[in-house]
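**Student:** Submitted below is the structure of interest, expressed as structure tokens.
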Amino acid sequence: MDARGVLLALVLAGWACGGSEPSSSTASGNPDERADAVLAQMTLDEKIQMVHGVGVTGHAEPRGGAGYVPGVPRLGIPDLYLADGSVGVGNGVGPATALPSSIASAASWDLTEADKYGGLIGAEMKALGLNVNLGGNVNLVGREPRCGRTFETAGEDPLLAGRIKARHLKAIQDRGVIAGIKHFALNDQETNRFTADVRIDERGMRESDLLAFEIGIKDSGVRSVMCSYNLVNGTYACENGHLLNDILKGEWTFPGFVMSDWGATHSSVKAATAGLDQEQPGPVYFGGTGDVSLASAVTSGRMSQGVLDGMVRRVLRAIFAVGADRGTTVSGIDAAGGAAVAQEAEEQGAVLLKNAGSLPLRRSLSSIAVIGSHADVGVLSGGGSAQVIPVGGPAIRTSAPCPPCWGGVIWDPSSPLKAIQAKVPGAAVRYDDGSSREAAAALAASSEVAIVFVSQWESEGMDLADLNFGDGQDALVAAVAAANARTVVVMENGGAQVLPWLRRVDAVLEAWYPGQRGGEAIANLLFGEVDPSGKLPLTFPARIDDLPHPVIPGAESSSATFSVDYADEGLLVGYKYYDARDITPLFPFGFGLSYTTFQLSNAALTAGASSGFTVKVDVANTGSVAGAEVVQVYLGLPAATNEPPRRLVGWSKVMLQPGETRSVTVTVDAADSSHPLSYWDPAANGWQVAGGEYTVYVGSSSRDVIAAGTFHVAS
Ligand code: BGC
143 MDARGVLLAL VLAGWACGGS EPSSSTASGN PDERADAVLA QMTLDEKIQM
193 VHGVGVTGHA EPRGGAGYVP GVPRLGIPDL YLADGSVGVG NGVGPATALP
243 SSIASAASWD LTEADKYGGL IGAEMKALGL NVNLGGNVNL VGREPRCGRT
293 FETAGEDPLL AGRIKARHLK AIQDRGVIAG IKHFALNDQE TNRFTADVRI
343 DERGMRESDL LAFEIGIKDS GVRSVMCSYN LVNGTYACEN GHLLNDILKG
393 EWTFPGFVMS DWGATHSSVK AATAGLDQEQ PGPVYFGGTG DVSLASAVTS
443 GRMSQGVLDG MVRRVLRAIF AVGADRGTTV SGIDAAGGAA VAQEAEEQGA
493 VLLKNAGSLP LRRSLSSIAV IGSHADVGVL SGGGSAQVIP VGGPAIRTSA
543 PCPPCWGGVI WDPSSPLKAI QAKVPGAAVR YDDGSSREAA AALAASSEVA
593 IVFVSQWESE GMDLADLNFG DGQDALVAAV AAANARTVVV MENGGAQVLP
643 WLRRVDAVLE AWYPGQRGGE AIANLLFGEV DPSGKLPLTF PARIDDLPHP
693 VIPGAESSSA TFSVDYADEG LLVGYKYYDA RDITPLFPFG FGLSYTTFQL
743 SNAALTAGAS SGFTVKVDVA NTGSVAGAEV VQVYLGLPAA TNEPPRRLVG
793 WSKVMLQPGE TRSVTVTVDA ADSSHPLSYW DPAANGWQVA GGEYTVYVGS
843 SSRDVIAAGT FHVAS
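Under this note's numbering, the letters of the sequence shown match residues 143 to 857, in that order.
Structural data, given as structure tokens:
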């Protein structure tokens, strides 16, 4: 055996004795060396096989899911089983635990909760025999709040979204499953997503959508990136050398591999040399029938062997680094454990938007009306590739509207009605389906409290026509509110909404898509057994006309491509746009109430320089129940940088007993992956810290802040 053979034998031994869960340092050895040793033994055909899938959903995947890449048994390269998983294991694999939507996880502003959320997805992927997760949707769809995939994302702010998703992704990979972050980049609307050509300048994208990816990738060590369907500045994202080679692999030194979104590859040599490593679901371009097969491109010298080897090496390195080659057998999921995680995620992520006094509900109530949205049997979930088939099966499954012409509309099997009844066994808790406003109003009028459930289904492949609750639900709420002054609205939806009835109702709870223990979690929140502590991860606009694009670009377009022009708002996504343009939102980013009250005082900067700063503030629970407050830290950059008034640079979630006061410290490091003090300078092609005055704010939402102090950076 030559030296290379000895090395191969040694590295293969790392997994040959395997079968148990990976312990990355010993089991995987050095992933670079292992990848090189295996690569050296591969034939051209085996290499080509690694750079494309062989499946389309529902056909060739032996374990279900979205894609399949056969391995090379003689070299110990495992089969890759790919499945979605933004909100639980997706693509109808399973059953699996239906978690509350990812946007709810972001609304918790709690990184430890995010670990549990991602950890559950990773564990269930593993248990179902799947080793590549496609769930890390970090698109800043706050640019287009009607985007049908908002529920899969983590909101409109690059720091919050990047950090929450990073924890999901790391937790997935810690379970031996390659995680993926997507859709790179600027896939912020679903309307004509295959032909949308996003136009934006370098600074605009660096400080918004790309920043969410940069944080998500650097903070997690995620090993796969999915490039998106759309074009960016005239070039398809999956053959965009500036995005893939220059920024992702060059500047950010991303060590993993880039896979295409499903059918987003438009060329072979061009895409491969621009940085695409794996075509999905394949094998049109990289396998052979596209413009030119990669195999013939290599043998004819049109593309260097080095490019192909680089692609394969990245895939192998990801497998070995994560341990995706170990423990790939199918076992069962822990359904009870999953349910507990789902319930906690909802309890921590629901946001109380209004409470004039009806909440928390008293156990002494003798009659409650529960109205609408199938609350007798279930809670709504989001659709598309992220759709989870919940444990126990759907409570209701209806056919989906077309577009998106996709799967079905599923209510997860958790009954808010039953959970509410269980809190007040002696009370008359009656249900009305809301199909007749008169009947619903009559029930409300004869009850002490009316709880109206409203829902808005959204899905990949569609954008919402507006931000109103459809099917007459707004009128239903108004009718019930007119009949009973103690009307509580519970919303099941994926993102921002406008609430025309807001002034008329007593209380509003944003439950997002609550997941398969949503009913129990909602009941706990309504009765105050859990204090609501979620904060909005996106702005709720007052009206559609306040959006940067009141009409979604390209809805009527049937041309090969059309422009989605972000030149005007650039980096001003979400609250940054509303703040810079002085538009009052319905509810600001970071907003959320509790059953107690908090007071911030003695805010002070204890240090401040170009390297970063530390801010301290006293937080007091001034109410009568225990609760958690999210102390948010925002920074205003020197006026000359022309930045929005404030950007989120840090936060801390703190739990306080009634009457308790705690000093909270938040340190912001300028060298952090989020570039908290910097702006992108196109002339220097890099991040810069400007000279001038910086103002530090602390508060409980982006619009409810106090200045903690200023510091000066010399020019
Ligand atoms: C979606 C991706 C998904 C893929 C595989 C595509 O339609 O855009 O997010 O991962 O399908 O299901």
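Note that the Cβ used here is the ideal one computed from N, Cα and C, for glycine as well. Remember, it's a predicted structure, so these values are computed and weren't measured experimentally.
Quick one: is the Cβ of residue 226 within less than 6 Å of any heavy atom of ligand 1?
**Tutor:** Correct: residue 226 has its Cβ closer than 6 Å to ligand 1.
**Student:** Inspect the beta-carbon positions of residue 804 and residue 796 and report whether they are closer than 7 Å.
**Tutor:** Yes, these two residues count as a Cβ contact at 7 Å.
**Student:** Report the rounded CA-to-CA distance for residue 337 versus residue 237, giving the unit in angstroms.
**Tutor:** Residue 337 and residue 237: Cα-Cα distance of roughly 34 Å.
**Student:** What residue range is occupied by the uninterrupted alpha helix (DSSP H) comprising residue 664?
**Tutor:** Start and end: 660–668.
**Student:** Closer than 6 Å by C-beta to residue 261: which residues in its own chain qualify, once you throw out the five before and the five after it? Chain order, please.
**Tutor:** Closer than 6 Å at the Cβ level, and outside the excluded window around residue 261, lie 313.
**Student:** Whole angstroms is fine: what's the gap from residue 739's alpha carbon to residue 636's?
**Tutor:** When rounded, the distance between both Cα atoms is 27 Å.
**Student:** Do residue 825 and residue 819 have their CB atoms nearer than 7 Å?
**Tutor:** It is not a contact, given that the beta carbons lie outside the stated cut-off.
**Student:** Identify the continuous alpha helix (DSSP H) that holds residue 336 and give its terminal residues.
**Tutor:** Neither: residue 336 is in no alpha helix (DSSP H) and is coded neither H nor E.
**Student:** When burial is assigned at 16 or more other CB atoms within 10 Å of the CB, is residue 150 buried or exposed?
**Tutor:** Any reading at residue 150 is ruled out, since the residue's pLDDT is 36, under 50, leaving its predicted position unreliable.
**Student:** Who are the near neighbours of residue 164 in its chain, counting only those whose CB is closer than 6 Å to its CB and skipping five residues on each side?
**Tutor:** Model confidence at residue 164 stands at a pLDDT of 36, short of 50, so the residue's coordinates are unreliable; what they give is reported in the following sentence. If we look at residue 164 and ignore the five residues flanking it on each side, its Cβ neighbours are 318, 465 and 468.
**Student:** Beta carbon of residue 404: closer than 6 Å to some heavy atom of ligand 1?
**Tutor:** Result yes, Cβ under 6 Å from ligand 1.
**Student:** Between which two residues does the beta strand (DSSP E) containing residue 805 stretch?
**Tutor:** That run of the beta strand (DSSP E) goes 803–811.
**Student:** Closer than 6 Å to a non-hydrogen atom of ligand 1 - does that hold for the CB of residue 208?
**Tutor:** True, at least one ligand heavy atom lies under 6 Å from that Cβ.
**Student:** Please state whether DSSP places residue 544 in a helix, a strand or coil.
**Tutor:** Coil at residue 544, not helix or strand.
**Student:** If I measure Cβ to Cβ from residue 201 and keep anything under 8 Å in the same chain, skipping five residues before and after, which residues do I get?
**Tutor:** Only weak support exists for where residue 201 lies, its pLDDT of 46 falling under 50; the value from the coordinates is given anyway. The answer is none, since no qualifying residue turns up.
**Student:** From which residue to which residue does the alpha helix (DSSP H) around residue 302 run?
**Tutor:** It spans 300–316 - the alpha helix (DSSP H) in which residue 302 sits, taken as one unbroken run.
**Student:** Please report the distance separating the alpha-carbon of residue 277 from that of residue 296.
**Tutor:** About 12 Å.
**Student:** Just curious, the alpha helix (DSSP H) that residue 563 is in, first and last residue?
**Tutor:** Counting along the chain, the alpha helix (DSSP H) containing residue 563 begins and ends at 558–565.
**Student:** Report the start-end ranges of each beta strand (DSSP E) in the segment 565–596 that is 3 residues or longer and not cut off at the edges.
**Tutor:** The segment 565–596 contains these whole beta strand (DSSP E) runs: 570–574.
**Student:** How many angstroms separate the CA atom of residue 199 from the CA atom of residue 258?
**Tutor:** For residue 199, the predicted model reports a pLDDT of 47, less than 50, meaning its position is unreliable; a value from the coordinates is still stated below. Looking at the two C-alpha atoms, the distance is approximately 28 Å.
**Student:** Please state whether DSSP places residue 532 in a helix, a strand or coil.
**Tutor:** Correct three-state label for residue 532: strand.
**Student:** Exposed or buried, what is residue 782 when buried is set at 16 or more other beta-carbons lying within 10 Å of its beta-carbon?
**Tutor:** Classification of residue 782: exposed, given that the 10 Å Cβ count is below 16.
**Student:** Say yes only if the C-beta of residue 282 is nearer than 6 Å to one or more non-hydrogen atoms of ligand 1, and no if none qualify.
**Tutor:** No, ligand 1 has no heavy atom inside 6 Å of this Cβ.
**Student:** On a CA-only basis, which of 655, 808 and 724 is nearest residue 293? Give me that one, please.
**Tutor:** Answer by Cα proximity: 655.
**Student:** Name the one or two DSSP bridge partners that residue 289 has.
**Tutor:** Paired residue(s): 605.
**Student:** Looking only at its chain, what residues have a beta carbon closer than 7 Å to the beta carbon of residue 227, apart from the 5 residues adjacent to it on each side?
**Tutor:** So the qualifying residues of the chain are 263, 267, 275, 276 and 277.
**Student:** Of all the options 735, 814 and 747, which has the alpha carbon lying nearest to the alpha carbon of residue 360?
**Tutor:** Closest option to residue 360, Cα to Cα, is 814.
**Student:** Around the Cβ of residue 147, are there at least 16 other Cβ atoms within 10 angstroms (buried) or fewer (exposed)?
**Tutor:** Any reading at residue 147 is ruled out, since the residue's pLDDT is 40, under 50, leaving its predicted position unreliable.
**Student:** Does the beta-carbon distance from residue 220 to residue 470 come in below 7 Å?
**Tutor:** Yes, the pair counts as a contact, with Cβ atoms nearer than the cut-off.
**Student:** Thinking C-alpha only, which one of 256, 506, 343 and 746 is nearest residue 713?
**Tutor:** Answer by Cα proximity: 343.
**Student:** Return the chain-ordered list of same chain residues with a C-beta closer than 8 Å to the C-beta of residue 849, the five sequence neighbours on each side being excluded.
**Tutor:** Only 745, 837, 838 and 839 meet the Cβ criterion.
**Student:** Which word fits residue 233, buried or exposed, when buried means at least 16 other C-beta atoms lie within 10 angstroms of its C-beta?
**Tutor:** Classification of residue 233: buried, given that the 10 Å Cβ count is 16 or more.
**Student:** Consider the C-beta atom of residue 527 and the heavy atoms of ligand 1; say whether any pair is separated by less than 6 Å.
**Tutor:** Yes, the Cβ of residue 527 comes within 6 Å of a heavy atom of ligand 1.
**Student:** If I measure Cβ to Cβ from residue 749 and keep anything under 6 Å in the same chain, skipping five residues before and after, which residues do I get?
**Tutor:** Cβ within range, chain order: 755 and 756.
**Student:** Please classify residue 441 as buried or exposed, where buried requires at least 16 other C-beta atoms within 10 Å of its C-beta.
**Tutor:** Exposed is the call here.
**Student:** Check for me: the beta strand (DSSP E) holding residue 554 runs from which residue to which?
**Tutor:** It spans 550–554 - the beta strand (DSSP E) in which residue 554 sits, taken as one unbroken run.
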